[in-house]
Amino acid sequence: MEVIVLGSGTSQGVPMIGCSCAVCTSRDPRNRRTRASIHVVMDGLHVQVDAAPELRLQCLREGVDCLDLFVLTHGHADHVAGMDDLRRFCDLRGGDAITVYSTQEGMARVSSMFPYAMRDRAAIRGYPAFRLTAMPGELELPQGKIRSTILPHGDIDTIGLVFAERSSGKRFVYYTDCKRLTDEAVALARGADAAILDGLRPQPHPSHMSIGEAVEAGRLLGVGRIWLTHLTHLTEHAALESELPEGFMLAYDGLRIVV
Ligand SMILES: [Zn+2]
Ligand SMILES: [Zn+2]
Ligand SMILES: [Zn+2]
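My numbering numbers the first residue of the sequence shown as 145 and each following residue consecutively.
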């Protein structure tokens, strides 16, 4: 299984508009963060998780040219705003709709933002088409399983995902945009081979885990390699990563994790 981190940033991205701080003006490419999103390749199945406002640019940058199914973790703008860019993937499959798995909140947001895409086939060749489907607790696919769990994220819930590849038996966890991990989320992730967790910033936040909270939550998982994502301009990559405990790292745009 391969995980491509398309974006590792929070809702404003880094650099932020109108900010001249050391991180926003850094020359280290790991401090340049588009909005959070990943692309998972599991035994040849291409799963896209979330659509950042930069989705098209992220796909061009990382050479993503295939998409089999799409999971929207929740309906916040930094995760849903790029969904119109999925039109190209519909076009590549002859206009057939892309199956979009999400929560009730996520599905309602998609249908209100993209009413023209609520159909089984693109209205006109080149238009997007989405088939909305409630994310099941367990999605059984020929290439493996995608398990999901609900994570608290302020006023709404987020879908946490655990990918299990059939051929290798490897498991990968993606828990972004959450204030804490539930007992169920911890149990589901325990002993996985790699994980990416929400670690917004050093300071506490009402709807995201701070770096410290993410490390504390990560220790419960028994996962050897854990990357933190959804980072702000308050995190300087090299400086903060050197302070993290063993086994914890910071995600960055373009990071590829072989699980
Ligand atoms: Zn800044
Ligand atoms: Zn969010
Ligand atoms: Zn977000």
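Where a beta carbon is used, it is the ideal one built from N, C-alpha and C, also for glycine.
Item to check | Residue range of the unbroken beta strand (DSSP E) whose run includes Phe214 | outcome: In the sequence shown, the residue the question calls residue 214 occupies position 70. Taken as a continuous stretch (DSSP letters only), the beta strand (DSSP E) holding Phe214 covers Leu213 to Val215.
Checklist entry - With respect to the beta strand (DSSP E) encompassing Arg263, which residues constitute its N-terminal and C-terminal limits? => result Residue mapping note: residue 263 aligns to position 119 of the sequence shown, counting from 1. Here Arg263 belongs to no beta strand (DSSP E), and DSSP marks it neither H nor E.
Item to check | Among Glu146, Ile148 and Pro159, nearest to His381 - alpha-carbon criterion | outcome: Residue 381 sits at position 237 when you count from the first residue of the sequence shown. It is Pro159.
Checklist entry - Since Ala180 contacts His349 with CB under 8 Å, what's their CB separation in whole angstroms? => result By one-based count along the sequence shown, residue 180 stands at place 36. By one-based count along the sequence shown, residue 349 stands at place 205. That pair is no contact at about 14 Å.
Item to check | Spatial distance of Glu360 from Arg263 (CA atoms) | outcome: To locate residue 360, count along the sequence shown from 1; it is residue 216. To locate residue 263, count along the sequence shown from 1; it is residue 119. If you take the alpha carbons of Glu360 and Arg263, they lie about 43 Å apart.
Next on the checklist: If you measure between the beta carbons of Asp172 and Leu189, is that distance less than 7 Å?
Outcome noted: One-based indexing of the sequence shown puts residue 172 at position 28. One-based indexing of the sequence shown puts residue 189 at position 45. Not closer than 7 Å, so no.
Checklist entry - Leaving out the 5 sequence neighbours to the left and right, which residues in its chain are closer than 8 Å to Gln347 when beta-carbon positions are compared? => result Walking along the sequence shown from the start, residue 347 turns up at place 203. Cβ neighbours of Gln347 within its own chain (closer than 8 Å, five residues either side excluded): Ser354 and Leu378.
Checklist entry - Can you give the beta carbon distance from Thr302 to Asp327, rounded, assuming they're within the 8 Å contact cut? => result Here residue 302 refers to the residue found at position 158 of the sequence shown. Here residue 327 refers to the residue found at position 183 of the sequence shown. About 16 Å separates the two Cβ atoms, so there is no contact after all.
Item to check | According to DSSP, residues forming a beta bridge with Val184 | outcome: Working through the sequence shown from its first residue, we reach residue 184 at position 40. DSSP, once it has assigned bridges, lists Val147 and Val191 as partnering Val184.
Checklist entry - With DSSP run on the structure shown, which of helix, strand or coil describes Met227? => result Position 83 of the sequence shown holds residue 227. In the structure shown, Met227 sits in a helix (DSSP, three-state: H, G or I).
Item to check | Backbone secondary structure at Ala336 - three-state DSSP | outcome: As a working note, residue 336 is residue 192 in the sequence shown. Assigned with DSSP and collapsed to three states, Ala336 falls in coil, not helix or strand.
Item to check | Contact check, Gln287 vs Met145, beta carbons under 7 Å | outcome: Position 143 of the sequence shown, counting from 1, holds the residue named residue 287. Position 1 of the sequence shown, counting from 1, holds the residue named residue 145. Not in contact: Gln287 and Met145 (Cβ atoms no closer than 7 Å).
Next on the checklist: For a test of your reading of the model: does the CB of His349 fall under 6 Å from any non-hydrogen atom of ligand 2? Yes or no.
Outcome noted: Stepping through the sequence shown from its first residue, residue 349 is reached at position 205. Distances taken from the Cβ of His349 to the heavy atoms of ligand 2 include none shorter than 6 Å.
Checklist entry - Would you call Ala267 buried or exposed, if buried means 16 or more other Cβ atoms sit within 10 Å of its Cβ? => result Against the sequence shown, residue 267 aligns to sequence position 123. Looking at its Cβ environment, which holds fewer than 16 other Cβ atoms inside 10 Å, Ala267 is exposed.
Checklist entry - Which same chain residues, not among the five before or five after Pro368, have their C-beta less than 8 Å away from its C-beta? => result By 1-based counting over the sequence shown, the position of residue 368 is 224. The sequence given here has Gly at residue 368, not Pro. Counting only Cβ-Cβ distances below 8 Å, and skipping sequence neighbours, we find Asp337, Ala338 and Gly391.
Checklist entry - From what residue to what residue does the beta strand (DSSP E) around Leu305 run? => result One-based indexing of the sequence shown puts residue 305 at position 161. That run of the beta strand (DSSP E) goes Ile300 to Glu309.
Next on the checklist: Buried or exposed, going by whether 16 or more other CB atoms sit within 10 Å of the CB of Ala273?
Outcome noted: Translated into the one-based positions of the sequence shown, residue 273 becomes position 129. Ala273 is buried by the Cβ-count criterion.
Next on the checklist: Please report the straight-line C-alpha distance between Gly298 and His352, rounded to a whole angstrom.
Outcome noted: Within the sequence shown, residue 298 is the residue found at index 154, counting from 1. Within the sequence shown, residue 352 is the residue found at index 208, counting from 1. Just so you know, the alpha carbons of Gly298 and His352 end up roughly 8 Å apart.
Next on the checklist: Going by DSSP in three states, His352 sits in which element: helix, strand or coil?
Outcome noted: Within the sequence shown, residue 352 is the residue found at index 208, counting from 1. In this structure, His352 counts as coil in the three-state DSSP scheme.
Checklist entry - Alpha carbon to alpha carbon, what distance is there between Tyr271 and Ala261? => result Indexing the sequence shown from 1 puts residue 261 at position 117. Indexing the sequence shown from 1 puts residue 271 at position 127. C-alpha separation (whole angstroms): 7 Å.
Checklist entry - When the Cα atoms are used, what is the spatial distance from Ser340 to Ala333? => result Within the sequence shown, numbered from 1, the residue matching residue 340 stands at position 196. Within the sequence shown, numbered from 1, the residue matching residue 333 stands at position 189. Per the sequence presented here, residue 340 reads as Ile, with Ser not at that position. If you take the alpha carbons of Ile340 and Ala333, they lie about 11 Å apart.
Next on the checklist: Could you tell me the alpha carbon to alpha carbon distance between Ile370 and Gly362, rounded to whole angstroms?
Outcome noted: In the sequence shown, the residue the question calls residue 370 occupies position 226. In the sequence shown, the residue the question calls residue 362 occupies position 218. Inter-residue distance for Ile370 and Gly362 is about 7 Å (C-alpha atoms, whole angstroms).
Item to check | Closest residue to Ser292 among Val215, Gly153, Ala196 and Arg310 (Cα-Cα distance) | outcome: One-based indexing of the sequence shown puts residue 292 at position 148. Residue Val215 is the option with its Cα nearest to Ser292.
Item to check | Bridge partner(s) assigned by DSSP for His297 | outcome: Against the sequence shown, residue 297 aligns to sequence position 153. Ile300, per the DSSP bridge assignment.
Item to check | Reference Val403; option with closest CA among Ser312, Asp235, Arg275 and Leu150 | outcome: Here residue 403 corresponds to residue number 259 of the sequence shown, with the count starting at 1. Closest by alpha carbon: Ser312.
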